[in-house]
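Residue numbers (the numbering used here): 20 to 333. Down below is the structure, laid out as structure tokens.
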Ligand code: SF4
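See below:
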């Protein structure tokens, strides 16, 4: 049974034998076959909301209209968005394309001019359909690709005319951690290639408007994990050697152990101030000059609840 086969040219071209992300499943998502991400060709979206917790250059004080996709092509055991990212959960009915656009446009009418796609790596075709729909509706916001870094170079090349700002994670420098924590033993190699492609497209300069709001560029995020400061240092060295020290880095301390890792021998802990300081010192020593570090206490601030209509409000 074909569940999705109308005018969506990117979905039609790319999801009959899906190799959109590095998992390369080859399944027909249009006919309802499911690959690793367990999402079909619909608009599987958990939330469309205003989010003010991103880096200062992403959206500024007004915030960004974030589209949180359901499921993910990584399954990180410590994921802070686990309510929506776990591929074994049954998600809400996919939104229609029209409802998706209407919800976004309602937010754009508030003056917000940045749209962020969160965990979009398995939804690249739907992202292009949404951007095309928004542009055809007469809006021209900036579009942010806020991914886990587990992206495919070919997919990113096709996204070049659509995406203004790349905001990828760079999570791991070693395959042991990437396999054990996120079920992807080739993550370090794949993510490095993907981020190099983003860098090739955008360069090292983060272009901003007169209010300091990003208009185009690349920001690499790295979340420091407990007991893993040596791995974080290795990862920063890799960026310095293989990409550039002029690229913008967002070094995050906001890790907190979710229920899923309460008894994990490493991930049940919070990162200490000392661990975070070691990594931030290395950032400066290596010569990175652009970006943000967080207050160590940030781990107490980030608690989204996707059961709510507004997941980031108390
Ligand atoms: S997007 Fe989903 S189905 Fe397609 S290759 Fe990736 S994990 Fe597999």
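Where is the CB? At the ideal position from N, CA and C, for every residue including glycine.
Quick one: is the Cβ of residue 212 within less than 7 Å of any heavy atom of the ligand SF4?
-> Your numbering for residue 212 matches position 193 in the chain shown. No.
Determine the burial state of residue 107: buried for a count of at least 16 other Cβ atoms within 10 Å of its Cβ, exposed for fewer.
-> The residue given as residue 107 occupies position 88 in the chain shown. By the neighbour-count rule (16 or more Cβ atoms within 10 Å), residue 107 is not buried but exposed.
In whole angstroms, what separates the C-alpha of residue 99 from that of residue 250?
-> Taking the first residue of the chain shown as 1, we reach residue 99 at position 80. Taking the first residue of the chain shown as 1, we reach residue 250 at position 231. Going by the C-alpha atoms only, they are around 20 Å apart.
Taking the C-alpha atoms as reference points, what is the distance between residue 31 and residue 49?
-> Taking the chain shown and counting its residues from 1, one reaches residue 31 at position 12. Taking the chain shown and counting its residues from 1, one reaches residue 49 at position 30. C-alpha separation (whole angstroms): 8 Å.
Check whether residue 168 and residue 238 have beta carbons under 8 Å apart | As a working mapping, residue 168 is identified with position 149 in the chain shown. As a working mapping, residue 238 is identified with position 219 in the chain shown. The answer is no: Cβ separation not under 8 Å.
Short check: CB of residue 94 to CB of residue 202, under 8 Å?
-> In the chain shown, the residue the question calls residue 94 occupies position 75. In the chain shown, the residue the question calls residue 202 occupies position 183. Yes.
What is the rounded straight-line gap between the Cα of residue 272 and the Cα of residue 26?
-> Start at 1 with the first residue of the chain shown, and residue 272 comes out as number 253. Start at 1 with the first residue of the chain shown, and residue 26 comes out as number 7. Their backbone Cα atoms lie some 43 Å apart in a straight line.
Among 117, 78, 59 and 69, which has the Cα closest to the Cα of residue 89?
-> As a working note, residue 89 is residue 70 in the chain shown. The residue with the shortest Cα to Cα distance from residue 89 is 59.
What do you reckon, is the C-beta of residue 55 under 7 Å from a heavy atom of the ligand SF4?
-> Taking the chain shown and counting its residues from 1, the one referred to as residue 55 is at position 36. For residue 55, the shortest C-beta to heavy atom distance toward the ligand SF4 is below 7 Å.
For residue 203, does the three-state DSSP call read helix, strand or coil?
-> To locate residue 203, count along the chain shown from 1; it is residue 184. If DSSP states are grouped into helix, strand and coil, residue 203 belongs with coil.
Within the same chain, show all residues whose beta-carbon is closer than 6 Å to that of residue 20, passing over the 5 residues directly before and after it, in chain order.
-> Position 1 of the chain shown, counted from the first residue, corresponds to residue 20. In this prediction, residue 20 has a pLDDT of 39, which is less than 50 and means its spatial position is unreliable; what the coordinates show is noted afterwards. The answer is none, since no qualifying residue turns up.
Drop a sphere of 10 angstroms on the beta-carbon of residue 303, count the other beta-carbons inside from all chains shown, and report buried for 16 or more, exposed for fewer.
-> The sequence position of residue 303 within the chain shown is 284, counting from 1. Exposed, because fewer than 16 other Cβ atoms sit within 10 Å of the Cβ of residue 303.
Tell me whether residue 151 sits in a helix, a strand or coil according to DSSP, three-state version.
-> On the chain shown, position 132 is the one that residue 151 refers to. Residue state, collapsed to three classes: helix.
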